[in-house]
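Colleague: Have a look at the structure that comes next, please.
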Amino acid sequence: MPKHLLIVESPAKAKTINKYLGKDFTVLASYGHVRDLVPKEGAVDPDQDFAMSYALIDKNEKHVEAIAKAAKAADDIFLATDPDREGEAISWHIAEILKERGLLKDKPLHRVVFTEITPRAIKEAMTKPRQIAGDLVDAQQARRALDYLVGFNLSPVLWRKVQRGLSAGRVQSPALRMIVEREEEIEAFVAREYWSIQAECAHPSQAFTAKLTKLDGQKFEQFTITEGDTAEAARLRIQQAAQGALHVTDVVSKERKRRPSPPFTTSTLQQEASRKLGFTTSRTMRVAQKLYEGMAIGDEGTVGLISYMRTDSVSLSAEAVGEIRDVIARDFGTQAVPDKPNVYVTKSKNAQEAHEAIRPTSALRTPAQVAQYLDDDGRRLYELIWKRAVACQMVPATMNTVSVDLAAGSEHVFRASGTTIIDPGFLAVYEEGKDNKTSEDEDEGRKLPAMKPGDRVPLDRIHTDQHFTEPPPRFSEASLVKTLEEYGIGRPSTYSSIIQTLLFRKYVELDSRRFKPSDVGRAVSNFLSGHFTQYVDYDFTAKLEDELDAVSRGEEDWIPLMERFWTPFKKLVEEKKESVDRSEATGARELGADPKTGKPVSVRLGRYGPYAAIGSTAEDAEDKPTFASLRPGQSMHTISLEDALELFKLPRKLGQDKDEEVSVGIGRFGAFAKRGSVYASLKKEDDPYTIDLARAVFLIEEKEEIARNRIIKEFDGSEIQVLNGRYGPYISDGKLNGRIPKDREPASLTLEEVVKLMEETGKPMRKGFGKKTAAKKTAVKKEAAPKKTAAKKAVKKAATKKTATKKSAAKKTAAKKTAVRKPVVVAVEPAKSLLTPSANIEIGKKRIVKAAK
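Going by the working numbering, the letters in the sequence shown line up with residues 537 to 1389, in that order.
Next up, the structure:
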């Protein structure tokens, strides 16, 4: 029997590590967090020093049970979750669960960490066990409590003042504000016209282009010429002065060094993978996780290919640097290796949490060598990480920049520039991507012909070009992550979840890989910016992150931090519940008057999204207004009166079919065609404003055909049917849906078989709009679902079956609840919370935990 138990977060990591440690170890995975705050009000109690009520996460209950069972049989336990504050908190939660179950009595408990999954790193970590870092746990719990308090107190205000079902996050809200403010900048932007003048030079050795830098003896700037006639007059003056040639007046040659970028942090990896590979932040982290946890690499077996990918450190271990320098010398020559290793310093005070930058676990494993063992995403991301790590330890690139001034007469001057690479240095391996090219970038790689002062260069022609200034671009994932990091909002491990939350909530959408706020997102952001200004302020959010970091370093206690935040925040929430007018929060706009009725036309945000209204929307108005939903791509902040009036052309009557009227309109669930009482959703490519009768009839009859073929089989005396569904055949009794095995022909199923399948696989039908999402949110430990033991009685009496099942289920649930409910226990835990013969596990200066009710 194994003597030691080691617990990690992911099953892939567990499998790899188990091979390294051998038969004396059992390695199990927690599958991430094992407990979370109870998802209801009161889970964090400010009146009890922010005591927290935890419950097991539903989907991980079986993994906790496996860990507890193995812990009971083990001689000692090693907690080897990830080397950051989230990982530290997971270890603490596991320790607390085992302690509550009495499984740590006289049993050593160790915390070990490693930043790469290789035999050397694992075995080394096992020789250096430590205590659970209470300061890191405190910081994680404070962050979780803050996020909970903001969400559970601010979200209901949004429901009342903006729209039901909305949420506000402590870190996601400033990120949303950034996106919204950028959109408002773009909308307010007024383009300015300007003109440039260029000379096409016909040098005998090589033609080249030069830009005007001096006009009429004055410096030529962006807005020196702002309209076409002036530009043409200037062109003619220059052309006349040039007399067919430009004269070289100055040649300047400068040599400069360009240094490599530091190795990747989480943030820079996300940015670069977005720019160069087109990866989203979530995709980058998902692929990186696989590379970190381990891949099967030929004769080596399973091995982790990169170091831990959640880090803000740019340092590399001496061992890694030494190996990288050997690879550089081998593959690029000793001249590419600097005399001393390049050293990079992180800006973050908290980089000690994750030790090293992201790097290959062995630079000797080149991208070409491991490519055959990786999928396309893994291959591309590994290559990016390997090249960046190798390049960061190479010599700088040596560049030569030449600038040539060419005069047209005595009053006008052009300049041509070019940059050539003398020694590529690190550029032989890697060059960092850029969001926007500069004029310097355009000159790079451009070589000018040899020239010297006094040379006469033939002039081919002079031309003018019209330009308009452009608004600032919308944020891409890369530029948003970069900006969040610059402001100090969030931390590397949170950027992906921030973006995913904004997309999931439909506060923003991606348009050509750029973030565009939805009307709901703008309403939320404007409401928070207007009424909870401090809490979406960039500096305030960054300062709070710094304070959490100070907690993680043991420099600050978490409870005073919570009190400083909570007291004014709660007061403001109570005040705004009563004082804010809903229409002002949602950004309602009056566009003008309807030319037909003279009534006001406005746009507003409703329960199901933005809409236009003709007529007064006041509760005491005599006539009820008419409404129309905005079309996809339209915004209530930019729509014109003319476009709004177009919306009221729906519903459109298209004509008659089978003696019934056919029309199209837009409803709660989108655009539809209707014939009689039959509705059919329009496809994505169909426009309700232009669709014709034939297409509408086709869609309606297509739906009727699907409905006719929906029932595959029915059974006398039973409500269970075998049906065709959107994702294939299934069984249903109108309340529960069940699965059909892939190897069974649906039409051949018997009544006895469907009853058994319903008992084994039946799940409640989704009822109502959006309930599936709500269910996911509350995925914490609950009582086990009652078994449907009464289902077999349905064969004889279908009606009796329903009642019996409900009663049986109710009794079982009630019994189970009585069995598992515990009284609330509030425990103030000092530093020596867990004591074992060989380890004093420090749990923090003061932490209060409540058992779930």
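From the three backbone atoms N, C-alpha and C, an ideal C-beta is built for every residue, glycine too.
Please report the distance separating the alpha-carbon of Arg1058 from that of Leu1046.
Modeller: If you number the sequence shown from 1, residue 1058 lands on position 522. If you number the sequence shown from 1, residue 1046 lands on position 510. Rounded to the nearest angstrom, the two C-alpha atoms are 15 Å apart.
Colleague: With a floor of 3 residues, list each beta strand (DSSP E) that falls wholly inside the segment 1024 to 1093, ordered by position along the chain.
Modeller: List check, beta strand (DSSP E) in window: 1044 to 1047 and 1050 to 1053.
Colleague: I think His569 touches Ile626, with their Cβ atoms under 8 Å apart; what is that distance to the nearest whole Å?
Modeller: Mapped onto the sequence shown, residue 569 falls at position 33. Mapped onto the sequence shown, residue 626 falls at position 90. Sure, about 6 Å apart at Cβ, within 8 Å.
Colleague: May I ask you to report which of helix, strand or coil DSSP gives Ala1330?
Modeller: Numbered from 1 along the sequence shown, position 794 holds the residue referred to as residue 1330. Annotation note: pLDDT 39 at Ala1330 (below 50); position unreliable, no value reported.
Colleague: If contact is defined by three or more beta carbon pairs under 8 Å, each pair taking one atom from either stretch, is the segment 836 to 849 in contact with the segment 800 to 807?
Modeller: Touching, yes.
Colleague: Do the segment 767 to 785 and the segment 941 to 949 touch if we need at least three Cβ pairs shorter than 8 Å?
Modeller: Judged by Cβ distances under 8 Å, the segment 767 to 785 makes contact with the segment 941 to 949, as three or more pairs qualify.
Colleague: Applying the criterion that 16 or more other CB atoms from any shown protein chain within 10 Å of the CB defines a buried residue, is Asn878 buried or exposed?
Modeller: Within the sequence shown, residue 878 is the residue found at index 342, counting from 1. Buried.
Colleague: If Ile653 and Gly840 are in contact, beta carbons under 8 Å, what's the gap, nearest whole angstrom?
Modeller: Residue 653 sits at position 117 when you count from the first residue of the sequence shown. Residue 840 sits at position 304 when you count from the first residue of the sequence shown. Indeed, because the Cβ distance is near 3 Å, the residues count as touching under 8 Å.
Colleague: Sort Ala609, Leu640 and Val693 by Cα distance to Glu1111 and report the nearest one.
Modeller: Here residue 1111 is taken as the residue at index 575 of the sequence shown, counted from 1. With distances taken between Cα atoms, Glu1111 lies closest to Val693.
Colleague: Roughly how far, in whole angstroms, is the beta-carbon of Ala767 from the beta-carbon of Trp731, given that I think they are within contact range, below 8 Å?
Modeller: Counting from 1 along the sequence shown, the entry for residue 767 is found at position 231. Counting from 1 along the sequence shown, the entry for residue 731 is found at position 195. Ala767 to Trp731, Cβ: 4 Å. Contact.
Colleague: I'd like the list of long-range same chain contacts for Lys983, defined as Cβ closer than 6 Å, with 5 residues on each side in sequence excluded.
Modeller: Within the sequence shown, numbered from 1, the residue matching residue 983 stands at position 447. So the qualifying residues of the chain are Gly954 and Thr956.
Colleague: Label Asp835 either buried or exposed according to how many other C-beta atoms from any shown protein chain fall within 10 Å of its C-beta, with 16 as the threshold for buried.
Modeller: On the sequence shown, residue 835 is found 299 positions in, with the first residue counted as 1. So Asp835 ends up on the exposed side.
Colleague: What's the call for Arg637, buried or exposed, on a 16-neighbour Cβ count within 10 Å?
Modeller: Residue numbering aside, residue 637 sits at position 101 when the sequence shown is read from its first letter. So Arg637 counts as exposed.
Colleague: Excluding the 5 residues preceding and the 5 following Ile860 in the sequence, name in chain order all residues of the same chain whose CB lies nearer than 6 Å to its CB.
Modeller: Position 324 of the sequence shown, counted from the start, is the residue given in the question as residue 860. Only Ala899, Val926 and Gln929 meet the Cβ criterion.
Colleague: Since Glu1081 and Arg1041 should fall inside the 8 Å C-beta cutoff, what is the C-beta to C-beta distance between them, to a whole number of angstroms?
Modeller: Here the question's residue 1081 lines up with position 545 in the sequence shown. Here the question's residue 1041 lines up with position 505 in the sequence shown. Incorrect: roughly 22 Å between the Cβ atoms, too far for contact.
Colleague: Consult DSSP for Ala727 and reduce its assignment to one of helix, strand or coil.
Modeller: Taking the first residue of the sequence shown as position 1, residue 727 is located at position 191. Reduced to three states, the DSSP call for Ala727 is coil.
Colleague: Inspect the CB distances between the segment 704 to 722 and the segment 985 to 1000 and report whether three or more fall short of 8 Å.
Modeller: The segment 704 to 722 is not in contact with the segment 985 to 1000.
Colleague: So, do the segment 1161 to 1181 and the segment 1069 to 1084 have three or more beta carbon pairs nearer to each other than 8 Å?
Modeller: The segment 1161 to 1181, when compared against the segment 1069 to 1084, does not touch it at the 8 Å Cβ threshold.
Colleague: Assuming contact is defined by CB atoms lying nearer than 9 Å, are Gly1145 and Asp1252 in contact in what I supplied?
Modeller: Working through the sequence shown from its first residue, we reach residue 1145 at position 609. Working through the sequence shown from its first residue, we reach residue 1252 at position 716. No, Cβ-Cβ distance for Gly1145 and Asp1252 is not below 9 Å.
Colleague: Straight-line CA distance for Glu723 to Thr760?
Modeller: The residue you call residue 723 lines up with position 187 of the sequence shown. The residue you call residue 760 lines up with position 224 of the sequence shown. When rounded, the distance between both Cα atoms is 26 Å.
Colleague: Please report how far the alpha carbon of Glu632 lies from the alpha carbon of Val823, in whole angstroms.
Modeller: Position 96 of the sequence shown, counted from the first residue, corresponds to residue 632. Position 287 of the sequence shown, counted from the first residue, corresponds to residue 823. In a straight line, the C-alpha of Glu632 is about 32 Å away from that of Val823.
Colleague: Is the beta carbon of Tyr966 less than 9 Å from the beta carbon of Lys923?
Modeller: Taking the first residue of the sequence shown as position 1, residue 966 is located at position 430. Taking the first residue of the sequence shown as position 1, residue 923 is located at position 387. Their beta carbons are under 9 Å apart, which means Tyr966 touches Lys923 by this criterion.
Colleague: Look at the alpha carbon of Leu557 and the alpha carbon of Ile668, and state the distance between them as a whole number of angstroms.
Modeller: Translated into the one-based positions of the sequence shown, residue 557 becomes position 21. Translated into the one-based positions of the sequence shown, residue 668 becomes position 132. Near 22 Å, if we compare the C-alpha coordinates of Ile668 and Leu557.
Colleague: Tell me the DSSP secondary structure of Arg919 in three-state form.
Modeller: The residue labelled residue 919 in the question sits at position 383 within the sequence shown. It should be noted that the sequence gives Glu, not Arg, for residue 919. Glu919 falls in the helix class under three-state DSSP.
Colleague: Looking at the secondary structure, which residues open and close the alpha helix (DSSP H) in which Asp867 lies?
Modeller: Working through the sequence shown from its first residue, we reach residue 867 at position 331. Taken as a continuous stretch (DSSP letters only), the alpha helix (DSSP H) holding Asp867 covers Ala854 to Phe868.
Colleague: Considering only DSSP beta bridges, list what Leu645 is partnered with.
Modeller: One-based indexing of the sequence shown puts residue 645 at position 109. Bridge partners of Leu645: Ile613.
Colleague: Does the segment 1265 to 1272 touch the segment 1291 to 1301, meaning 3 or more C-beta pairs lie closer than 8 Å?
Modeller: Counting Cβ pairs under 8 Å, three or more are found: they touch.
Colleague: Could you check the C-alpha separation between Ala1044 and Leu1016 for me, to the nearest Å?
Modeller: Mapped onto the sequence shown, residue 1044 falls at position 508. Mapped onto the sequence shown, residue 1016 falls at position 480. Checking the sequence, you will find Val at residue 1044 rather than Ala. Cα to Cα, Val1044 sits roughly 13 Å from Leu1016.
Colleague: Would you give the residue range spanned by the beta strand (DSSP E) that Lys1391 belongs to?
Modeller: No information on residue 1391 is available, as it lies outside the stretch 537 to 1389 that the chain covers here.
Colleague: Given this structure, state the Cα-to-Cα distance separating Lys1313 from Lys595, to the nearest angstrom.
Modeller: For the purposes of this step, residue 1313 is taken as the residue at position 777 of the sequence shown. For the purposes of this step, residue 595 is taken as the residue at position 59 of the sequence shown. Note on Lys1313: pLDDT 36, under 50, position unreliable in the model; the coordinate value appears next. If you take the alpha carbons of Lys1313 and Lys595, they lie about 12 Å apart.
Colleague: Whole angstroms is fine: what's the gap from Pro1009's alpha carbon to His999's?
Modeller: Taking the first residue of the sequence shown as position 1, residue 1009 is located at position 473. Taking the first residue of the sequence shown as position 1, residue 999 is located at position 463. Straight-line Cα distance between these residues: approximately 29 Å.
Colleague: Taking the beta carbon of Pro1096 as the centre, do at least 16 other beta carbons fall within 10 Å, making it buried, or is it exposed?
Modeller: To locate residue 1096, count along the sequence shown from 1; it is residue 560. It counts as exposed.
Colleague: Give me the Cα-Cα distance between Lys1307 and Arg700, rounded to the nearest whole angstrom.
Modeller: For this step, residue 1307 is matched to residue 771 along the sequence shown. For this step, residue 700 is matched to residue 164 along the sequence shown. Note that Lys1307 has pLDDT 38, beneath the 50 cutoff, so the model's placement of it is unreliable and the number below is only indicative. C-alpha separation (whole angstroms): 13 Å.
Colleague: Can you tell which of Ala657, Thr1297, Pro1187 and Leu1218 has its C-alpha closest to the C-alpha of Glu855?
Modeller: Counting from one through the sequence shown, the residue named residue 855 turns up at place 319. Of Ala657, Thr1297, Pro1187 and Leu1218, the residue nearest in Cα terms is Ala657.
Colleague: Leaving out the 5 sequence neighbours to the left and right, which residues in its chain are closer than 7 Å to Ala1315 when beta-carbon positions are compared?
Modeller: For this step, residue 1315 is matched to residue 779 along the sequence shown. Any answer about Ala1315 is weak, because its pLDDT of 37 lies below 50 and its placement is not dependable; what the coordinates show is given next. The residues are Ile593, Asp594 and Lys595.
Colleague: Taking its Cβ as the centre, do 16 or more other Cβ atoms sit within 10 Å of His891, making it buried, or is it exposed?
Modeller: Taking the first residue of the sequence shown as position 1, residue 891 is located at position 355. With 16 or more other Cβ atoms within 10 Å, it is buried.
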